[in-house]
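Residue numbers (the numbering used here): 446 to 737. Presented below is the structure to which this report refers.
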Amino acid sequence: MRVLALVSGLIFLASFMATLGLRLTPGLLSAELARPGRLGRGLVLNLVLVPLATVLCLRALGVTGWVAAGLVALAVSPGAPLSPSSAKKAGGSPGYAIVLTVVLGIVTAFTAAPSARWLLSYEGDIGVRPPVIIAKLALLQWLPLAAGALQRRRSPERAAQLERVAMALVVVSGLLIVVGSIAPLVPHLSIVGWRGLSAVLVSMVAVVTLGWLSGGSDHELSRTFTATAGVPNIGLAMAMARAANAPRDLLLTIAACFLLRVFANQFLVQFLARAHGRPAEPFPVGSSAVRP
């Protein structure tokens, strides 16, 4: 079952990123890269403001132990691959979210472990190897995304056909993940406790507020930050915990806090979508369908 869950996760991630690429209109990424100031705001938000806000919330609520360690591990691990989808549904910029996710994938490979050690006052070793993390990101995220985008540029009709195949893989592998990985974790949500749950929700509110304010007068950017900053990269957080030989309770706490964050984020995205004046639809970064 564990091997099946691992394989399903790899297939889900690669096929999901390929789907993003197959729906990505030409010029969208280059347009975002041409505005480095916007990218800088996202980096400051995710790498500085979110971790500091999380620590302040934990101290204000008096939360310590595994919950504090788990939330900090998640806070220093931004760049969830689902961020572009959340940004689009919330009325934000999926192109910006993709660029930010790729850049954060590189930066956090070097910053996550030192940041976690400093914020937690942890003196032990966290043997995370940045080249290995970057290689995994390139293989499972960047290459499928680039291949999909290249196919979209070459032949939109062929891209539409491949998109259906990729989406089928996403659905099937996603169901296997739910059955094999997520469902067994649900009974362990109680490990967070009521005070821990309060910390998860309060820190989420703080992150969301910072995300909206970081967008300034650019409401599209504010929606992007608001919908994406609260969902971390659980893969990186788990990798750090395992590298530090963390006990099972910490791993379960990280997973539980992540699930709670995802549930809260889905409600937030739905709210933003309705406030934006349209339902939260599936991720069409550029649709192959004919529009009137």
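Idealized CB from N, CA, C, for every residue including glycine.
inquiry  = Does the CB of F703 have a neighbour CB from chain D at under 8 Å?
reply    = Although the question refers to chain D, the structure presented lacks it and comprises just one protein chain.
task = Report yes if the C-beta distance between V647 and T698 is below 8 Å; otherwise report no.
result = In this structure, T698 does not lie closer than 8 Å to V647 by Cβ.
C-beta atoms of V652 and V495 nearer than 8 Å = yes
request  = Take T553 as the anchor and find which of S566, V577, E477, G536 has the nearest alpha-carbon.
outcome  = If we check each option's Cα against that of T553, V577 comes out closest.
inquiry  = Can you give me the C-alpha to C-alpha distance between R396 and A718, rounded to a whole angstrom?
reply    = The shown model of the chain, from 446 to 737, leaves out residue 396, and the question about it has no answer.
ask   = How many angstroms separate the CA atom of L666 from the CA atom of G660?
value = 5 Å
query = In three-state DSSP terms, what is L469?
reply = coil
task = Just confirm the distance between the C-beta atoms of G466 and A594, as a whole number of angstroms; I'd bet it's less than 8 Å.
result = Rounded, the Cβ-Cβ distance is 4 Å, consistent with contact.
inquiry  = I'd like the ranges of any alpha helix (DSSP H) spanning at least 4 consecutive residues and lying wholly in the segment 460-540.
reply    = Within the segment 460-540, the runs of alpha helix (DSSP H) at least 4 residues long that lie entirely inside it are, in chain order, 473-478, 481-489, 495-506, 510-520, 528-534.
key: Cβ separation of A672 and L713, assumed to be a contact under 8 Å, to the nearest whole Å   = Yes, A672 and L713 are in contact; Cβ-Cβ is about 7 Å, under 8 Å.
task = Apply the 10 Å Cβ neighbour rule to E602 and answer buried if 16 or more other Cβ atoms are within range, or exposed otherwise.
result = exposed
query = Relative to the alpha-carbon of F703, which residue among L501, A513, R504 has its alpha-carbon at the smallest distance?
reply = A513
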